[in-house]
Structures are given as C-alpha cells and as structure tokens.
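Numbering of the sequence shown is given in our numbering, commencing with residue 59 and proceeding in unit increments. To start, the structure itself, in structure tokens.
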Amino acid sequence: MSFSIDRQTMDELNLLGKFRQGSVYHLFNHVKTRGGERLLDEMFRTPLQDAAAINQRSSIFRFFQEARLSFPMDVAQLNIMREYLDGGASKNAVTVLAGTYLMKVLSSLTRDERYRKIVQGLQATIVTLNKCYAIILLLEPMGGPFAERVQSAKAILNEPELEKLRNTDIYKDLPVSTLAHYEHLLKGRLSQKLEAILDFIYELDLNIAISSVAAAKGFTYANALPKEKNIFSAKELRHPCIDKGVGNDLLMKEHSNVIFLTGANMAGKSTLMKSVGIGMYLAHMGFPIAASSMEFSVREGLYSSINVADNISLGYSHFYAEVVRVKQAAEAAASGKRLLLMFDELFKGTNVKDAFDGTLAVTEAFAEYEDCIFIVSTHIIEVGEALKDTPNIQFVFMPTVMEGSKPRYTYRLQQGITEDRQGMMIIRNEGILEIINQ
59 MSFSIDRQTM
69 DELNLLGKFR
79 QGSVYHLFNH
89 VKTRGGERLL
99 DEMFRTPLQD
109 AAAINQRSSI
119 FRFFQEARLS
129 FPMDVAQLNI
139 MREYLDGGAS
149 KNAVTVLAGT
159 YLMKVLSSLT
169 RDERYRKIVQ
179 GLQATIVTLN
189 KCYAIILLLE
199 PMGGPFAERV
209 QSAKAILNEP
219 ELEKLRNTDI
229 YKDLPVSTLA
239 HYEHLLKGRL
249 SQKLEAILDF
259 IYELDLNIAI
269 SSVAAAKGFT
279 YANALPKEKN
289 IFSAKELRHP
299 CIDKGVGNDL
309 LMKEHSNVIF
319 LTGANMAGKS
329 TLMKSVGIGM
339 YLAHMGFPIA
349 ASSMEFSVRE
359 GLYSSINVAD
369 NISLGYSHFY
379 AEVVRVKQAA
389 EAAASGKRLL
399 LMFDELFKGT
409 NVKDAFDGTL
419 AVTEAFAEYE
429 DCIFIVSTHI
439 IEVGEALKDT
449 PNIQFVFMPT
459 VMEGSKPRYT
469 YRLQQGITED
479 RQGMMIIRNE
489 GILEIINQ
C-alpha cells in the first residue's frame with residue numbers, strides 16, 4: 059500500500075515544487091544530473107512504509123555524509139554519454155560497420171555531424187566509466203551500507219570488454235572498425251549493464267546531494283520503528299526551511315496520542331505543526347530531518363488541515379470547507395489506518411460558541427482512535443479546560459511574553475494551557491481604534 063497524503067496536505071506543508079522558493083523539495087534539490095533529479099522526484103512522491111527499508115536508506119545517506127564526498131563526474135561528459143547510448147544501433151554488426159564507414163565519408167565531404175558525435179559519444183563513455191571506477195575504488199575500502207551497490211558496479215566495469223574500453227586512449231584516432239565494434243556492443247549486448255552503471259552514478263549524485271544538505275544544515279536521521287508501537291518522539295524538532303528555527307521536544311505514544319496546542323495568534327502554532335508534518339514525511343523517505351534526534355512508528359499516511367480556504371466553484375463557505383475537511387479526516391481515521399492528523403484552529407470560520415462546541419466534540423471523538431496520533435490547535439482556551447478529564451490528551455502551549463505593551467514570542471513549547479489574552483492590546487498598539495474614531 060502507498061503512503062496516504064492528499065494534495066491539500068502536500069500544499070500546506072509546501073513539500074513539492076522544484077522551482078518554488080521555500081519548498082522542502084527545493085531545499086534538497088542539489089543534484090547535478092537529470093537521473094539524480096528523477097530519483098529525487100520518485101522519493102518525494104513515494105515515501106516508504108517499511109521500518110527496515112527506511113532505516114537502510116537513512117543509513118546510506120549517513121554513510122555518505124560521513125564520507126564527505128563531492129560528486130566526481132563531469133556532468134557534460136555524462137550527458138554526452140547519455141545521448142550517445144540513446145542513439146540506438148542496428149542489431150547486425152556488419153550493418154553497423156558499413157553505416158559507420160559511410161558516416162565518416164560523409165563527414166569529410168559534407169557537414170554531416172553524425173560521425174563526430176559517435177567519436178565524442180564513445181570518448182565521453184570512456185571518461186565517465188573511468189571516473190566511475192575511480193570512485194568505486196575510493197568507496198570499496200569503506201564498506202558500509204552502500205557496499206553491495208559498489209561491488210555490483212565494480213563487477214560490471216571489470217568485465218573484459220568494458221575493462222578494455224576503459225583502457226582505450228581517447229586522444230588517439232580510433233579506427234572505424236573499433237568505433238563500429240563499440241557502437242554495436244555498447245548499444246546492444248551491453249546496453250543494460252551500462253544502464254546499471256548510469257543508475258549507480260545517479261544514486262551517487264542523489265546520496266551526495268542529500269547528505270551534503272544534512273551536513274550543511276545540521277540535520278540528523280530519524281529511527282523508524284514498527285507501526286504497532288505508535289510512538290513519535292523528537293528532540294529539538296524545527297522547520298527545515300527556516301534558518302535558525304527554534305526547536306521543540308515532543309512525545310506522543312500509546313495512551314498519550316493527542317496533543318492539544320494553545321497559544322495566541324503569531325505564537326508559532328502553525329509552524330510547529332508544519333514542522334511535525336514535514337519531519338514525519340521526510341522521515342518516511344529516509345531523508346535527514348531538522349532535529350537533534352527523532353524516532354517514530356511508521357505511519358500509513360499524513361493528513362493536515364492548516365490553511366483551509368473557501369471553494370467558490372463548489373459554493374463552499376470557509377466554515378463549510380472546514381467541515382468537509384474534518385469529515386475527510388474522520389473517514390481516514392475510521393478506515394483503520396495508522397495516521398498522523400493535524401488540525402489548526404478548528405472551525406475558525408464560524409461563531410465562537412459553535413467553534414467551541416465543534417472543537418470540543420471533534421477532539422474528544424478523535425482521541426478515541428489510539429492507533430493514530432493527533433495535534434489539534436486552537437486559541438479558544440476554554441476547550442482545553444473542558445478536555446482536562448480526557449486521559450490520553452496532553453496539553454501544551456506556545457507562550458507570549460509581554461515586554462511592556464509589546465508581545466514577544468519564544469516559540470518554545472510549555473506544558474499546560476495558555477492564559478495569554480493579548481488580542482485587544484495588539485489592536486490598541488496598532489492604533490486601529492484611533493484611526494476609526496478620527
């Protein structure tokens with residue numbers, strides 16, 4: 059089964075977006091090859107759901123981070139090799155030889171570029187294979203979780219025909235017969251093995267890029283646990299796309315699987331929830347996360363309701379859009395899946411009395427699903443008081459510190475329910491009433 063996440067959650071957490079500044083994808087997109095980027099796309103769209111597979115992938119990233127390698131390939135030569143291999147060739151060696159001779163004749167009589175491209179393509183292939191072999195020899199003594207892939211690539215490059223090709227002097231004119239031989243061999247019988255080498259190079263690109271981001275940002279790697287344990291524990295968890303972001307400690311587990319989060323507007327509730335969602339998603343990818351440590355039970359999906367908007371095309375008001383979103387979440391939880399579900403400021407599109415009643419009823423109902431973990435935030439602090447007898451809910455808040463008449467936000471979680479009520483003070487500070495009265 060695939061990891062369940064919908065478009066709204068992806069957008070709220072700003073996970074995807076190759077060219078979108080501030081997206082999580084953009085943060086990690088430091089690959090240098092098209093194949094590396096294809097792997098990055100695939101990993102972002104298909105998080106893992108097996109704890110062993112997650113830990114194996116993160117161990118590979120950690121290995122490359124400790125090795126501190128730079129991507130050794132010449133990307134221009136790699137692209138020429140890719141184009142050369144994609145050109146295709148006849149399955150008949152005699153036909154290939156005749157065609158190569160004809161292209162050489164045409165290159166001297168006309169401006170036909172095909173023969174020159176064959177020469178350049180073979181030269182680029184030799185250069186790329188030799189660079190690949192050099193990094194294999196560097197990686198081989200290190201062992202580690204990538205050792206099997208290293209040995210597999212080395213075995214291919216040590217095959218007699220490819221070893222002979224690697225030892226070819228690219229600065230000497232190659233006979234037409236040699237060009238035709240490799241044209242037929244590399245694009246025919248050995249094509250799948252060369253594809254395997256290119257895949258190995260793309261993996262190198264991805265592993266080096268992701269581990270370099272982790273090293274530069276001070277990220278770490280989460281430890282995945284079987285889904286039955288129902289644990290989420292993080293130390294100094296922060297938003298990965300915010301430089302010098304404030305970290306917080308969180309712990310959710312069986313019989314304490316609901317966080318009820320209060321705090322004033324701008325205190326950091328939404329950012330905290332996004333930090334949790336992004337951290338959980340990256341952890342399922344085996345990617346580095348913005349925390350000092352983290353362990354988690356594998357989830358089957360992630361669902362958020364943070365920035366719900368009205369839907370004009372469907373005739374939905376803001377409040378009704380919120381109701382629809384909560385219904386979708388309820389259906390997901392009732393399906394029996396082990397999920398992370400997050401709700402920011404439930405029912406803010408209606409009056410305070412209905413928002414109070416709705417937030418209270420929904421939070422109590424969700425708390426009964428102990429196979430899921432929940433974060434519910436609100437600034438209607440009276441709901442928290444009404445929930446105090448619910449045993450598996452923990453209460454935390456984002457504080458506001460008043461310095462004179464100016465609020466300051468620490469973004470550090472504290473235990474309990476906030477007593478901050480600075481709304482009118484902020485309104486007065488902005489001089490709104492004076493403007494109106496004028």
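Even glycine gets a Cβ: it sits at the ideal position worked out from N, Cα and C.
- E253 and S235 have their C-alpha atoms spaced approximately 24 Å apart.
- Per DSSP, reduced to three states, the secondary structure at Y467 is strand.
- The continuous stretches of alpha helix (DSSP H) do not include V454, which lies in the beta strand (DSSP E) extending over residues 451-456.
- When the beta-carbon positions are compared, I317 and I433 come within less than 8 Å of each other.
- DSSP places G359 within a strand segment (E or B) once states are collapsed to three.
- The C-alpha of G442 lies about 15 Å from the C-alpha of F401.
- Straight-line measurement puts the Cα of K230 at about 50 Å from the Cα of A110.
- Collapsing the DSSP output to three states places K293 in a strand.
- Under DSSP, D402 forms a beta bridge with S435.
- The bridge partners DSSP lists for N281 are E353.
- Beyond the five residues adjoining it in sequence on each side, I259 comes within less than 8 Å, by CB distance, of T91, G93, M131, L136, T186, C190 in the same chain, given in chain order.
- For the 8 Å CB-CB criterion, S351 and F122 do not form a contact.
- With at least 16 other beta carbons inside 10 angstroms of its own, H242 counts as buried.
- Take the alpha-carbon of Q79 and the one of R174: they are about 41 Å apart.
- By the Cβ-count criterion, S116 is buried, with 16 or more other Cβ atoms from all chains shown falling within 10 Å of its own Cβ.
- The shortest CA-to-CA distance from V420 to any of V334, A387, T226 is the one to A387.
- Here the region 99-110 makes contact with the region 341-349; the two share three or more CB pairs at distances below 8 Å.
- For the set G157, T168, E206, G337, the Cα lying nearest the Cα of Q114 is the one of E206.
- When DSSP states are grouped into helix, strand and coil, L106 belongs to the coil group.
- With respect to A348, G337 sits close: the two C-beta atoms are nearer than 8 Å.
- With respect to the C-alpha of D307, the residue from S314, T320, N225, K293 having the closest C-alpha is K293.
- Under the rule that a run must span 4 or more residues, the alpha helix (DSSP H) segments found entirely inside the region 187-243 read 205-215, 218-224.
- When the five nearest sequence neighbours on each side are left out, the beta carbons in the same chain lying within less than 7 Å of the beta carbon of L127 are those of I266, in order along the chain.
- In summary, G321 is buried, with 16 or more beta-carbon neighbours lying within 10 Å of its beta-carbon over all protein chains present.
- If you draw a straight line from the Cα of F453 to the Cα of A444, it comes to about 12 Å.
- Put simply, the backbone Cα of I194 is about 6 Å away from that of V208.
- V271 counts as buried, since at least 16 other C-beta atoms from the protein chains shown sit within 10 angstroms of its C-beta.
- Straight-line spacing of the CA atoms in M161 and K149 works out to 18 Å.
- Per DSSP, the continuous beta strand (DSSP E) segment holding D307 begins and ends at 306-310.
- In this structure the region 380-395 lies against the region 354-365, because at least three pairs of beta carbons, one per stretch, are closer than 8 Å.
- Taking a cut-off of 8 Å on C-beta distances, the region 66-73 does not touch the region 243-250, as fewer than three cross pairs fall below it.
- Residue state for G321 is assigned as strand, using DSSP reduced to three classes.
- DSSP places Q473 in the strand class (E or B) of the three-state scheme.
- Judged by DSSP in its simplified three-state form, V89 adopts coil rather than helix or strand.
- Taken atom to atom, the span from the alpha-carbon of K76 to that of E477 is near 42 Å.
- A direct Cα-Cα distance of roughly 15 Å separates A125 from E261.
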